[in-house]
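Protein chains in written order, with my numbering: chain W, -2 to 428; chain R, 7 to 468.
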Amino acid sequence: MTKKPMTDSSNHLDKIKKSLSRRNRAEKRFRWYGRMAVFVGLAAVMVLFTDIISKGHGAFRITYVELQVTYDQDMIGVENLTDPAQLALGDWEALSKAALRNEFGDVSGRRDKRKLYGLISSGAGYDLKDRLLANPLLLGETENVWILADDDIDTYYKSWLDGEPYAARMSAKQIQWIDELHAQGKIRLQFNSNLFTRGDSREPEQAGIRGAVMGSLLVLILTLMLSFPIGVSAAIYLEEFAPRNRWTDFIEVNINNLAAVPSIIFGLLGLAIFINFFHVPRSVPIVGGLVLTLMTLPTIIITSRAAIKSVPPSIREAAMGMGASKSQVVLHHVLPLSLPGMLTGAIIGMAQALGESAPLLMIGMVAFIVDIPAGFSDPATVLPVQIFLWADSPERAFIEKTSAAIMVLLSFLIVMNTVAVWLRKRLERRW
Amino acid sequence: MQATNILILILGLGAFAFFLGRGRSLALAKPLGGIRKLHSLPSYYGLHAALWCALPSLVLLFLWIMFDDPLINSIVIESVAADIAPTDTASYNLLINKIANLADGILPRKGESAALIAAADHMSSLRVISRWALTALLLTISLLGLLWGWSRISASFRARPVVEKVMQNILLACACLAIFTTLGIVLSVMFESIQFFRSVPIFDFVFGLEWSPQTAIREDQVGSSGSFGAVPLFVGTLLVSAVAMFVAVPVGLMSAIYLAEYASKSVRTYAKPALEILAGIPTVVYGFFAALTVAPFLRDLGASFGLSVSSESALAAGGVMGVMIIPFISSLADDVITAVPQSMRDGSLAMGATQSETVRRVIIPAALPGIVGGVMLAISRAIGETMIVVMAAGMAAKLTANPLESVTTVTVQIVTLLTGDQEFDSPKTLAAFALGLMLFTVTLLLNIFALHIVKKYREQYD
């Protein structure tokens, strides 16, 4: 050993020592970048949820106004409550209008009257009709009824209660009337049952998500009924029976690619094949279910295959050793053992289908539908599409409704995913 | 009879055939000395009979339902009186709908012409005939099948292999559905696109710089010639996707690195699923968030700096889309990073490298193919993402690279062109399919390439 390398290496050591603090700083920085990235992701989750909840929590309560209603036969123009023709022609709005005039006696002039009638929902007359039909003895009587307020009043009253009134769509008269009602305790917030019991409406205060929830349920039932058996069958074939050849590879490549095809393409497929070629009617759960089946199939096949793969070969070999045929091995042993994993996959696929809206826009499930669908061939919309429709509506009160609908949708998804996780933890065996 | 009732009937017959077949095999086995003397278990004889009974009928039922409506329609149209006979596709559809509604009793018959009413009656009578013919035919086939399956039962009949073969073929058919789906997508999109390219040259579509798909309804309408140059849409799509990737790639990648290499086990168990929540949120929720929270916030923020930010800016849509893609990238990157062998980390650390140097100089280069594949899959998702851009990006096709301006994307245009009622053969509607073809081709290529890279990478370390 000569001296020269020694000085060289001590030089190196110096260099390394000098650079050490810089390198440690870089290390620290890098760690902080990582923490920041995780924080950004988690913050996004938090912001999203707080934003939706802060916007939507108000929609679960809605403003009602107490009015004295007289069910005057002459005013409605109905004599016999059992005659549907008379009921259809009856002037039900006259009831609520008269009640309003009765409450605020000093209103005159067309403009003011219109403002006055604008206090309560335009559908209030029909609510009174339902009330009367439920209790026909009320005809000719007078009673105090809590009547649904108009959406602008609702928005104003809620914001006023929160201390920052939003009065852009209110007249001075209306504000004064509400002050009077409030002073007399004749205006209050109640649980908004309409949100859960009614279908869509152009009037925000009348609109509910029942129709959309039913539509989603029908579509999901059909999707599950089709995609689960087909997906599991395909997975069983590919894992257990398929010979290793080009055809099988081709099927596999197809499935993997379908899993990554944009969902809107499935909408185009549904439009061209199901609606234009097979003439399935638009907007019905059947066509929605078919499209979502094709969309979720790859997910279900892939997760089912993973579940089948996780069953150890020793089980198969033992069964075969006992003389079982290949089909018996699969049917009696592999399938029951992999079923929890398959169910988990199915739930995840259904959660995906429940949140999907783009392909359904293509096949006409975006229509404005008031009636609550009762069967697979009734026109329907689904919850995410309802959210899309409401988000597009100009009325301010729909922002609140949209957020509330989103909260409902998210809670469905959270429940489904929790069940999937629970199922996996509970039933899946580690080999 | 309703199709569902027929279905239930066939299934009931199938169940009946199962018990009949099983019973016969048991009866056959008894004098021979128990079921040991049969080739197969009794339930296989039952299944054999049930398959013969139900399977042909089910196939026939399916085909019948698919084809009876068009057939009845064409018969009705042929027999309709000459004065209301349709001249083109549009009037054909209109007439068929009207007759069908009259036949179903949805439209009142009062005031309709006698020819229409006759056609409607004709249609309903044909429908009744079709249903009864179907029922009779199916019953005959089912019973014949049952008889055949039942008569073949004997102690030496090899029922199990037959049943298993049929089952296996049913499974194969299910697996092939994926191919039919792909084929269906390709055919439907191709077919309409070819029609579209007949009226608009493909060159004008792919390289045209102006997009305004308003076609004239009247001959003399002003300013609605319709130009179908898709370049502004491609640019808009790329702009939004680029913004999304700008958000998603650094955040997703860094969080994957942090969670895989640095975080303690407890942080990992909670932070990872919390990030995955982002992947489970429906896109329509992101769209709402982008349109009503992020876009106004960015506009006000821009205004306070003196910038004019459009209220439908590409930045808002792309940013929110990026947030959506974070978990996608982070979970894919996590997979490939954890797949890098521990020995490579140990080697680097033993040479005196700090942890971050190990990550940057050893792990990332080793995991790069996988990461690139993951990013490509993410890009393909961003390109195909629909709801966020439909709700938060604009409608006007602008050729710009400024993320503060409003742009439109391919998916937005597909949705706007296809929602609502249009006649199906106008270039406006067909353009949506041409855009769909572009979208499908690009994402397919990206996916195939990315999946190939990821697969290659996995094999490298397996």
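For glycine and all other residues, C-beta sits at the position ideal for the given N, C-alpha and C.
Would Arg166/R count as contacting chain W if we go by Cβ distances under 8 Å? By one-based count along the second sequence, residue 166/R stands at place 160. Yes, because at least one Cβ of chain W sits closer than 8 Å to the Cβ of Arg166/R.
Within 9 Å of chain W by C-beta, residues of the region 361 to 394 of chain R in sequence order: Gln361, Ser362, Glu363, Val365, Arg366, Leu383, Ser386, Arg387, Ile389, Gly390, Glu391, Thr392, Met393
Short of 8 Å in beta carbon distance, which residues of its chain neighbour Pro295/W, apart from the five on each side in sequence? Order them along the chain. Locating residue 295/W in the first sequence gives position 298, where the first residue counts as 1. Ile252, Asn253, Leu255, Ala256.
Test: Tyr98/R CB closer than 8 Å to a CB of chain W: Here residue 98/R corresponds to residue number 92 of the second sequence, with the count starting at 1. No, its Cβ sits nowhere closer than 8 Å to a Cβ of chain W.
Chain W contact residues for Gly190/R, given Cβ-Cβ distances below 7 Å: Walking along the second sequence from the start, residue 190/R turns up at place 184. Those are Leu266, Ile270, listed as they occur along chain W.
When you check each C-beta in the region 369 to 389 of chain W against every C-beta of chain R, which residues fall closer than 7 Å? Pro381, Ile384, Phe385, Ala388
What residues of chain R sit near Glu76/W, judged by a beta carbon separation below 7 Å? Working through the first sequence from its first residue, we reach residue 76/W at position 79. Going along chain R, no residue has its Cβ under 7 Å from Glu76/W, so there is no contact; the nearest lies around 28 Å.
Exposed or buried, what is Lys14/W when buried is set at 16 or more other beta-carbons lying within 10 Å of its beta-carbon? Locating residue 14/W in the first sequence gives position 17, counting from the first residue. Exposed, by the Cβ-count rule.
Residue environment, Gln181/W, which counts as buried when at least 16 other CB atoms sit within 10 Å: On the first sequence, position 184 is the one that residue 181/W refers to. By the neighbour-count rule (16 or more Cβ atoms within 10 Å), Gln181/W is not buried but exposed.
Considering Cα atoms alone, identify which of Tyr276/R, Gly293/R, Val192/R, Ile90/R is closest to Gly264/W. On the first sequence, position 267 is the one that residue 264/W refers to. Per the Cα distances, Val192/R.
Tell me whether the region 323 to 331 of chain R and the region 282 to 294 of chain R touch, counting them as touching only if at least three CB pairs, one residue from each stretch, are closer than 8 Å. yes
With a 10 Å radius around its C-beta and 16 neighbouring C-beta atoms as the bar for buried, classify Ala85/W as buried or exposed. Within the first sequence, residue 85/W is the residue found at index 88, counting from 1. Answer is exposed; the Cβ neighbour count stays below 16.
Can you find at least 3 beta carbon pairs, one from the region 322 to 331 of chain W and one from the region 363 to 383 of chain W, that sit closer than 8 Å? no
In chain W, which residues lie less than 8 Å from Asp341/R when you measure between Cβ atoms? On the second sequence, position 335 is the one that residue 341/R refers to. Ordered by position in chain W, no residue passes the 8 Å Cβ test against Asp341/R, which lies about 14 Å from the chain.
Contacts of Ile403/W in chain R (Cβ-Cβ under 7 Å): Reading the first sequence from its first residue, position 406 is the one you call residue 403/W. Within chain R, the residues near Ile403/W are Val291, Phe294.
With a threshold of 8 Å between beta-carbons, can Glu392/W be considered close to chain R, or not? For the purposes of this step, residue 392/W is identified with residue 395 of the first sequence, where counting begins at 1. Chain R, which has no Cβ nearer than 8 Å to the Cβ of Glu392/W, makes this no.
For Phe429/W, count neighbouring Cβ atoms within 10 angstroms of its own Cβ and tell me buried if that reaches 16, exposed if not. In this structure chain W extends from -2 to 428, so residue 429/W is not present and cannot be described.
Closer than 8 Å to chain W by CB, Val329/R: Working through the second sequence from its first residue, we reach residue 329/R at position 323. Yes, Val329/R lies at the interface with chain W (some Cβ there is under 8 Å from its Cβ).
Pop quiz: Thr392/R and Thr417/R are said to be a contact at Cβ under 8 Å. What is the actual Cβ separation, rounded to whole angstroms? Position 386 of the second sequence holds residue 392/R. Position 411 of the second sequence holds residue 417/R. The Cβ separation is near 4 Å, so the contact holds.
Where the region 422 to 453 of chain R meets chain W: residues whose CB sits under 7 Å from a CB there: Leu424, Thr425, Phe430, Phe439, Gly442, Leu445, Phe446, Thr449, Leu450, Asn453
Which class does Ala233/R belong to by DSSP, given the choice of helix, strand or coil? Taking the second sequence and counting its residues from 1, one reaches residue 233/R at position 227. What sits at residue 233/R in the sequence shown is Ser, not Ala. DSSP places Ser233/R in strand when its eight states are reduced to three.
So, using beta-carbon positions, are Val258/W and Val142/W closer together than 8 Å? Here residue 258/W refers to the residue found at position 261 of the first sequence. Here residue 142/W refers to the residue found at position 145 of the first sequence. Cβ distance not < 8 Å, so Val258/W and Val142/W don't count as in contact.
Beta-carbon contacts of Arg426/W that lie in its chain and below 6 Å, excluding the five residues immediately before and after: Locating residue 426/W in the first sequence gives position 429, where the first residue counts as 1. Correct list: empty, nothing qualifies.
Which residue comes first and which comes last in the beta strand (DSSP E) that contains Thr60/W? For the purposes of this step, residue 60/W is taken as residue 63 along the first sequence, with counting starting at 1. It spans 58 to 67 - the beta strand (DSSP E) in which Thr60/W sits, taken as one unbroken run.
If we define contact as Cβ-Cβ less than 8 Å, is Ser260/W a contact residue for chain R? As a position in the first sequence, residue 260/W is number 263, starting the count at 1. Taking Cβ atoms only, chain R reaches closer than 8 Å to Ser260/W, which makes this a yes.
Determine the closest residue to Val413/R out of Ser270/R, Thr275/R, Thr243/R, with distance taken between C-alpha atoms. Residue mapping note: residue 413/R aligns to position 407 of the second sequence, counting from 1. Comparing alpha carbon positions, the residue from Ser270/R, Thr275/R, Thr243/R closest to Val413/R is Thr243/R.
List the residues of chain W whose Cβ lies closer than 8 Å to the Cβ of Pro256/R, in chain order. One-based indexing of the second sequence puts residue 256/R at position 250. In chain order: Ala34.
Are the CB atoms of Ala121/R and Ile105/R nearer to each other than 8 Å? For this step, residue 121/R is matched to residue 115 along the second sequence. For this step, residue 105/R is matched to residue 99 along the second sequence. No.
Check whether Val342/R and Gly376/R have beta carbons under 8 Å apart: Translated into the one-based positions of the second sequence, residue 342/R becomes position 336. Translated into the one-based positions of the second sequence, residue 376/R becomes position 370. Result yes, Cβ atoms of Val342/R and Gly376/R sit closer than 8 Å.
In the DSSP assignment, the alpha helix (DSSP H) including Glu249/W goes from what residue to what residue? Locating residue 249/W in the first sequence gives position 252, counting from the first residue. Taken as a continuous stretch (DSSP letters only), the alpha helix (DSSP H) holding Glu249/W covers 243 to 257.
Put Asn141/W into one of helix, strand or coil per three-state DSSP. In the first sequence, counting from the first residue as 1, residue 141/W sits at position 144. DSSP places Asn141/W in strand when its eight states are reduced to three.
By DSSP, does Ser260/W sit in helix, in strand, or in coil? Numbered from its first residue, the first sequence carries residue 260/W at position 263. The answer is helix: DSSP assigns Ser260/W an H, G or I state.
Three-way DSSP call (helix, strand, coil) for Gln349/W in this model: What you label residue 349/W is simply residue 352 of the first sequence in a count that begins at 1. Here Gln349/W sits in helix by DSSP.
DSSP state of Trp154/R mapped onto helix, strand, coil: Taking the second sequence and counting its residues from 1, the one referred to as residue 154/R is at position 148. Here Trp154/R sits in helix by DSSP.
In chain B, which residues lie with their C-beta within 7 Å of the C-beta of Ser194/R? Absent here is chain B; the protein component of the structure consists of chains W and R.
Less than 8 Å separating the beta-carbons of Ile185/R and Leu259/R? The residue given as residue 185/R occupies position 179 in the second sequence. The residue given as residue 259/R occupies position 253 in the second sequence. Against a cut-off of 8 Å, the Cβ pair of Leu259/R and Ile185/R comes out as no contact.
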